[in-house]
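Enquirer:
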Ligand code: SF4
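Laid out in structure tokens, this is it:
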């Protein structure tokens, strides 16, 4: 479990303009990430959960500077030093990205079909800031990693098209681990897979984390998912996001037993079926009308709760007054007037 912070995010904002070009109107934007703060501990699995459009992938992409944040802080903590990620450029950004690796949802699109598995696994390390590598040693490392993710060292010379979706995701995970990162960002890595394959990939991630922890190597995860049940299975702590904001954050165990925000209840009910929903604090269940799918875009500055238009418990106050953060426990908070 976590004892120290690896990465921390404070008051992060990102807006995207909805119009482009010279005649684009100002003020026509979507609030993709809106005042988000959290941290991920060393050896911790932290989950960002929400429907598509909730801002979880944008938040993750801000962490690796695929997008530039509008404002806010991202700090990466190494031994006694803290790096301001937003200021990184050139070689220092490259070195940071070797410690924070990103695994995408669709391995078919993220693996170059013309390259062999060996080339895919080692292309990053050949150009790394660590300098030249011995060829034999590199091939041995790639072979051993491939076996660790459940494939064979004989697969090194094959092409991605020769593998199933689940196997391709294993290759993506092996590529992510090749640089011995401190943080692995798993962006919906099981969402496109069959349920049985999902379970195998989750088991693999748990095994990888345990084996690295046992060997004294730090490995943390940022796990992005729309399924709260899947995230609860894998993560130590979870933040539930809606319209670019964190609605509730708690340990996965706590959230499963007792959650307070109506949106968290809605996500649980869609993930596990209404009969077995852990009841929220007021013993209500999500209204039938509040269905799960994608988050409506947050395009205007609203005074009230961003979930008010879908919330079965919305009151007049919810439309005009932003809910304050409440802490039922030290490590559990939610934003709601209830
Ligand atoms: Fe629903 Fe109001 Fe709570 Fe928002 S503040 S989640 S609208 S009850």
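Numbering (the working numbering), first residue to last: 6 to 343.
The beta carbon of each residue, even a glycine, is placed where N, CA and C say it ideally should be.
Taking CB distances under 8 Å as the criterion, tell me whether residue 18 reaches chain B.
Expert: Any reference to chain B falls outside this structure, which holds one protein chain only.
Enquirer: Taking the C-alpha atoms as reference points, what is the distance between residue 84 and residue 218?
Expert: Position 79 of the chain shown, counted from the start, is the residue given in the question as residue 84. Position 213 of the chain shown, counted from the start, is the residue given in the question as residue 218. Approximately 17 Å between the Cα atoms of the pair.
Enquirer: I'd like to check one pair, residue 74 with residue 161: are the Cβ atoms closer than 8 Å?
Expert: Here residue 161 refers to the residue found at position 156 of the chain shown. Here residue 74 refers to the residue found at position 69 of the chain shown. In this structure, residue 161 keeps its C-beta atom at 8 Å or more from the C-beta atom of residue 74.
Enquirer: Taking the CB atoms as reference points, tell me whether residue 246 and residue 54 lie closer together than 8 Å.
Expert: Numbered from 1 along the chain shown, position 241 holds the residue referred to as residue 246. Numbered from 1 along the chain shown, position 49 holds the residue referred to as residue 54. Yes; because the gap between Cβ atoms is below 8 Å, this pair is in contact.
Enquirer: Starting from residue 334 and walking both ways along the beta strand (DSSP E), at which residues does that stretch end?
Expert: The residue given as residue 334 occupies position 329 in the chain shown. Start and end: 330–334.
Enquirer: Using C-beta distances below 7 Å, list every residue in its chain close to residue 332, excluding the 5 sequence neighbours before and after it, in chain order.
Expert: Looking up residue 332 in the chain shown gives position 327. Excluding residues within five positions, the ones whose Cβ falls inside 7 Å are 338.
Enquirer: Taking only three categories from DSSP, how would you classify residue 46?
Expert: Reading the chain shown from its first residue, position 41 is the one you call residue 46. Residue 46 falls in the strand class under three-state DSSP.
Enquirer: Enumerate in chain order the residues of its own chain whose CB-to-CB distance from residue 272 is below 7 Å, with the five nearest sequence positions on each side excluded.
Expert: As a first step, residue 272 is located in the chain shown; it is residue number 267 there, counting from the start. Correct list, in chain order: 54, 233, 245 and 297.
Enquirer: Alpha carbon to alpha carbon, how far is residue 270 from residue 284? Give it in angstroms, no decimals.
Expert: As a first step, residue 284 is located in the chain shown; it is residue number 279 there, counting from the start. As a first step, residue 270 is located in the chain shown; it is residue number 265 there, counting from the start. Low confidence applies here, because residue 284 scores a pLDDT of 39, under 50, leaving its location unreliable; read the following figure in that light. Between residue 284 and residue 270, the alpha-carbon positions lie close to 8 Å from each other.
Enquirer: On the CB-based measure, 16 or more other CB atoms within 10 Å of its CB, does residue 125 come out buried or exposed?
Expert: Here the question's residue 125 lines up with position 120 in the chain shown. So residue 125 counts as buried.
Enquirer: Could you check which residue in 102, 174, 114 and 183 has the C-alpha nearest to that of residue 142?
Expert: The residue given as residue 142 occupies position 137 in the chain shown. Comparing Cα-Cα distances from residue 142 to each of 102, 174, 114 and 183, the minimum goes to 183.
Enquirer: Once the 5 residues before and after residue 310 are set aside, which same chain residues still bring their CB inside 6 Å of it?
Expert: Taking the first residue of the chain shown as position 1, residue 310 is located at position 305. Closer than 6 Å at Cβ, skipping near neighbours: 323 and 328.
Enquirer: If you measure between the beta carbons of residue 51 and residue 81, is that distance less than 8 Å?
Expert: One-based indexing of the chain shown puts residue 51 at position 46. One-based indexing of the chain shown puts residue 81 at position 76. Contact flag unset, no.
Enquirer: Which same chain residues end up closer than 6 Å to residue 266 when comparing Cβ atoms and leaving out the 5 residues on each side of it in sequence?
Expert: One-based indexing of the chain shown puts residue 266 at position 261. Contacts found: 252, 253, 339 and 341.
Enquirer: For residue 336, collect the residues of the same chain with a Cβ closer than 7 Å to its Cβ; drop the 5 residues on either side in sequence, then sort them by chain order.
Expert: Counting from one through the chain shown, the residue named residue 336 turns up at place 331. Once the five neighbours on either side are set aside, the close Cβ partners of residue 336 are 255 and 256.
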